[in-house]
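Colleague: Residue numbers (numbering that gives the first Met the number 0): 0 to 348.
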Amino acid sequence: MALTGRPDEDPLGPPAPLVAGVEAVSASLQCRAGIVVDGLSLLAERAAVAGLTRGGDRSCGGATRLFGAADGWLGVTLARPSDVGDVPAWLEMHVDDEDPWPAVEQAVRARRAGELVERATLLGLPVAALGSGGEVPPVPTSSAPPTRVALDDVLVVDFSSLWAGPLCTRLLRDAGAQVVKVESRSRPDGTRGGSPAFFDLLNAGKESVALDFERDAPYLRDLLCRADVVVEASRPRALDQFGIVAERYLAEDDGPRVWISITGYGRADARVAFGDDAAVGGGLVVFDDKGPCFCADAIADPLTGLVATDACLAALGSGDRVLVDVPLAGVAAAFAGPTLPVPPGVACC
Numbered sequence: 000m001a002l003t004g005r006p007d008e009d010p011l012g013p014p015a016p017l018v019a020g021v022e023a024v025s026a027s028l029q030c031r032a033g034i035v036v037d038g039l040s041l042l043a044e045r046a047a048v049a050g051l052t053r054g055g056d057r058s059c060g061g062a063t064r065l066f067g068a069a070d071g072w073l074g075v076t077l078a079r080p081s082d083v084g085d086v087p088a089w090l091e092m093h094v095d096d097e098d099p100w101p102a103v104e105q106a107v108r109a110r111r112a113g114e115l116v117e118r119a120t121l122l123g124l125p126v127a128a129l130g131s132g133g134e135v136p137p138v139p140t141s142s143a144p145p146t147r148v149a150l151d152d153v154l155v156v157d158f159s160s161l162w163a164g165p166l167c168t169r170l171l172r173d174a175g176a177q178v179v180k181v182e183s184r185s186r187p188d189g190t191r192g193g194s195p196a197f198f199d200l201l202n203a204g205k206e207s208v209a210l211d212f213e214r215d216a217p218y219l220r221d222l223l224c225r226a227d228v229v230v231e232a233s234r235p236r237a238l239d240q241f242g243i244v245a246e247r248y249l250a251e252d253d254g255p256r257v258w259i260s261i262t263g264y265g266r267a268d269a270r271v272a273f274g275d276d277a278a279v280g281g282g283l284v285v286f287d288d289k290g291p292c293f294c295a296d297a298i299a300d301p302l303t304g305l306v307a308t309d310a311c312l313a314a315l316g317s318g319d320r321v322l323v324d325v326p327l328a329g330v331a332a333a334f335a336g337p338t339l340p341v342p343p344g345v346a347c348c
């Protein structure tokens, strides 16, 4: 609640399915892997480390904002210098590089959300229409009751970065797996540029290697063939160019058993997403009488980390070779719902 609602007003309650849903996934992880996970606390880990608080229609981290479009609401993330640089092409107008937000708000107000998302997708901009990720196929889940999975001899190769994927592999490491974090020398994990404490929280205890994906291709292939689980968070074409093709490795006798692919809206969808705008795409926001507000901090990221871990354990338990597509917006949609009122007597800073 401290992370949800407008900064100058009382906090807002969560979406109706959120708390019970997170507790259910946490309980499943305990059954499958024998680890006690406080899922609700995980949602606030980054904010606790960085001292973030609620911003209403501005994300806790400040890089994403909610705007009213001509026919709905739009979440816009300008987290990278390239995102700011692409705004003039996106909106077809001059924008102040120092503060693009006023121009974005003015332009979005007069245009349709679908048109804005379509143009943003062509430029690789993380822009989401509210609730537009609801059509994303859900993450596959096991219909059988959770059963214990031994991870002592499991090797996890982690190509992911930022929050969702590294959280998944941190939980797998906590459960006993050996995790090797693989980073590109030319494009290391973006979390390294933020809080060192948060990076360590997600990645301490993992083995780590930095590679030139082209020059070190033989080493990469050997590592992937020895892996039991691969976790990555890239659009398929980003890894395909280096010959890292999920379907190809899963088809090999000595290939990995489980491949976790964390995407924005699914492997077949070109839209780019970060945690806050993906939550908007999945409809995972809260409402007051002024409109939608962000729910917690980049919530699609830690939720996806939890769900991806549970899906990975279920796949390992099945004994099948599985490619699991875990879309941030699809996960967010599974936890979205009406905003609950704050119970009388509940106080939150």
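Think of the CB as a built atom: it goes at the ideal place given N, C-alpha and C, for glycine as much as any other residue.
Note that this is a predicted model, so its numbers are computed, not measured.
Helix, strand or coil for C292 per DSSP?
Modeller: Position 293 of the sequence shown, counting from 1, holds the residue named residue 292. In the structure shown, C292 sits in a strand (DSSP, three-state: E or B).
Colleague: What does the alpha-carbon distance come out to for the pair D152 and K289?
Modeller: Taking the sequence shown and counting its residues from 1, one reaches residue 152 at position 153. Taking the sequence shown and counting its residues from 1, one reaches residue 289 at position 290. Near 53 Å, if we compare the C-alpha coordinates of K289 and D152.
Colleague: Please state whether the Cβ-Cβ distance between V48 and T63 is less than 8 Å.
Modeller: Start at 1 with the first residue of the sequence shown, and residue 48 comes out as number 49. Start at 1 with the first residue of the sequence shown, and residue 63 comes out as number 64. Taking 8 Å as the Cβ cut-off, V48 and T63 do not qualify as a contacting pair.
Colleague: Buried or exposed: which applies to G280, given that a residue is buried once 16 or more other Cβ atoms fall within 10 Å of its Cβ?
Modeller: Here residue 280 corresponds to residue number 281 of the sequence shown, with the count starting at 1. Per the 10 Å Cβ criterion, buried.
Colleague: Using a Cβ-Cβ cutoff of less than 6 Å, which residues in the same chain neighbour L90 once the five nearest sequence positions on both sides are dropped?
Modeller: Here residue 90 refers to the residue found at position 91 when the sequence shown is read from its first residue. Result list for L90: A106, in chain order.
Colleague: Do the stretch 202–211 and the stretch 175–184 meet, that is, are 3 or more Cβ pairs less than 8 Å apart?
Modeller: Yes, they touch.
Colleague: Within a Cβ cutoff of 6 Å, which residues of the same chain sit near G304, ignoring the five residues on either side of it in sequence?
Modeller: Numbered from its first residue, the sequence shown carries residue 304 at position 305. Excluding residues within five positions, the ones whose Cβ falls inside 6 Å are A163, L166 and C167.
Colleague: Where do the ends of the beta strand (DSSP E) carrying W258 lie?
Modeller: Start at 1 with the first residue of the sequence shown, and residue 258 comes out as number 259. Residues V257 to T262.
Colleague: Which runs of the beta strand (DSSP E) fall wholly inside the stretch 143–179 and span at least 3 residues, in chain order?
Modeller: With a minimum length of 3 residues, the continuous beta strand (DSSP E) runs that stay inside the stretch 143–179 are 154–157.
Colleague: Could you tell me the distance, in whole angstroms, from the CA atom of A88 to the CA atom of L124?
Modeller: Against the sequence shown, residue 88 aligns to sequence position 89. Against the sequence shown, residue 124 aligns to sequence position 125. Near 11 Å, if we compare the C-alpha coordinates of L124 and A88.
Colleague: Between the Cα of V330 and those of L201, C311, A299 and L170, spot the shortest distance and give me the residue it belongs to.
Modeller: Your numbering for residue 330 matches position 331 in the sequence shown. Comparing Cα-Cα distances from V330 to each of L201, C311, A299 and L170, the minimum goes to A299.
Colleague: Hey, out of G189, T190, L327 and V148, whose CA is closest to L171's CA?
Modeller: Numbered from 1 along the sequence shown, position 172 holds the residue referred to as residue 171. Out of G189, T190, L327 and V148, V148 has the C-alpha closest to the C-alpha of L171.
Colleague: Measuring straight from C-alpha to C-alpha, what distance separates T188 and F198?
Modeller: Within the sequence shown, numbered from 1, the residue matching residue 188 stands at position 189. Within the sequence shown, numbered from 1, the residue matching residue 198 stands at position 199. A small fix is needed here, since residue 188 is Asp in this sequence, not Thr. Going from the Cα of D188 to the Cα of F198 covers about 9 Å.
Colleague: If I'm right that A277 touches G263 with Cβ under 8 Å, what's the distance once you round it to whole angstroms?
Modeller: The residue you call residue 277 lines up with position 278 of the sequence shown. The residue you call residue 263 lines up with position 264 of the sequence shown. Yes, they are in contact, since the Cβ atoms of A277 and G263 sit about 6 Å apart, within 8 Å.
Colleague: Within the same chain, show all residues whose beta-carbon is closer than 6 Å to that of R31, passing over the 5 residues directly before and after it, in chain order.
Modeller: As a position in the sequence shown, residue 31 is number 32, starting the count at 1. If we look at R31 and ignore the five residues flanking it on each side, its Cβ neighbours are P145, V148 and L312.
Colleague: Check this for me: beta carbons of L28 and V36, under 8 Å apart or not?
Modeller: Here the question's residue 28 lines up with position 29 in the sequence shown. Here the question's residue 36 lines up with position 37 in the sequence shown. Contact: yes.
Colleague: Between V156 and L222, which are expected to be in contact by the criterion C-beta below 8 Å, what is the C-beta distance as a whole number of angstroms?
Modeller: As a working note, residue 156 is residue 157 in the sequence shown. As a working note, residue 222 is residue 223 in the sequence shown. Going by Cβ atoms, the distance from V156 to L222 rounds to 6 Å, so yes, they are a contact pair.
Colleague: Evaluate E97 with the Cβ neighbour count: other Cβ atoms within 10 Å of its Cβ, from every protein chain shown; 16 or more gives buried, anything less gives exposed.
Modeller: Residue mapping note: residue 97 aligns to position 98 of the sequence shown, counting from 1. Exposed, because fewer than 16 other Cβ atoms sit within 10 Å of the Cβ of E97.
Colleague: According to DSSP, L201 sits in a beta bridge with which residue or residues?
Modeller: By one-based count along the sequence shown, residue 201 stands at place 202. Its beta-bridge partners do not exist; DSSP assigns none.
Colleague: Mark R236 as exposed unless 16 or more other C-beta atoms lie within 10 angstroms of its C-beta, in which case mark it buried.
Modeller: Taking the sequence shown and counting its residues from 1, the one referred to as residue 236 is at position 237. Counting Cβ neighbours within 10 Å, R236 comes out exposed, since fewer than 16 surround it.
Colleague: Within the same chain, show all residues whose beta-carbon is closer than 7 Å to that of L115, passing over the 5 residues directly before and after it, in chain order.
Modeller: To locate residue 115, count along the sequence shown from 1; it is residue 116. So the qualifying residues of the chain are A68, L73, V107 and V126.
Colleague: Mapping the DSSP letters down to three states, classify L90 as helix, strand or coil.
Modeller: Here residue 90 refers to the residue found at position 91 of the sequence shown. If DSSP states are grouped into helix, strand and coil, L90 belongs with the helices.
Colleague: Alpha carbons only, please: which of L315, P80, R169 and E44 is nearest the one belonging to P255?
Modeller: As a working note, residue 255 is residue 256 in the sequence shown. It is L315.
Colleague: Compare the Cα-Cα distances from R220 to each of L238, G204 and S233 and report the closest residue.
Modeller: The count along the sequence shown starts at 1 and reaches residue 220 at position 221. Nearest C-alpha to R220: L238.
Colleague: Run through DSSP, which three-state label would A78 get?
Modeller: If you number the sequence shown from 1, residue 78 lands on position 79. Looking at A78 - three-state DSSP - the assignment turns out to be coil, as it is neither helix nor strand.
Colleague: Would you decide whether P13 is buried or exposed? Buried here means 16 or more other CB atoms lie within 10 Å of its CB.
Modeller: Within the sequence shown, numbered from 1, the residue matching residue 13 stands at position 14. Buried: at least 16 other Cβ atoms inside 10 Å.
Colleague: Going by beta-carbon coordinates alone, are P6 and R45 separated by less than 8 Å?
Modeller: By one-based count along the sequence shown, residue 6 stands at place 7. By one-based count along the sequence shown, residue 45 stands at place 46. Not closer than 8 Å, so no.
Colleague: Using a 10 Å radius around the Cβ and a threshold of 16 neighbouring Cβ atoms, would you call D252 buried or exposed?
Modeller: Numbered from 1 along the sequence shown, position 253 holds the residue referred to as residue 252. That one is exposed.
Colleague: Expressed to the nearest angstrom, what Euclidean distance is found between the alpha-carbon atoms of G242 and Q177?
Modeller: Within the sequence shown, the letter at position 243 stands for residue 242. Within the sequence shown, the letter at position 178 stands for residue 177. Their Cα atoms are separated by approximately 24 Å.
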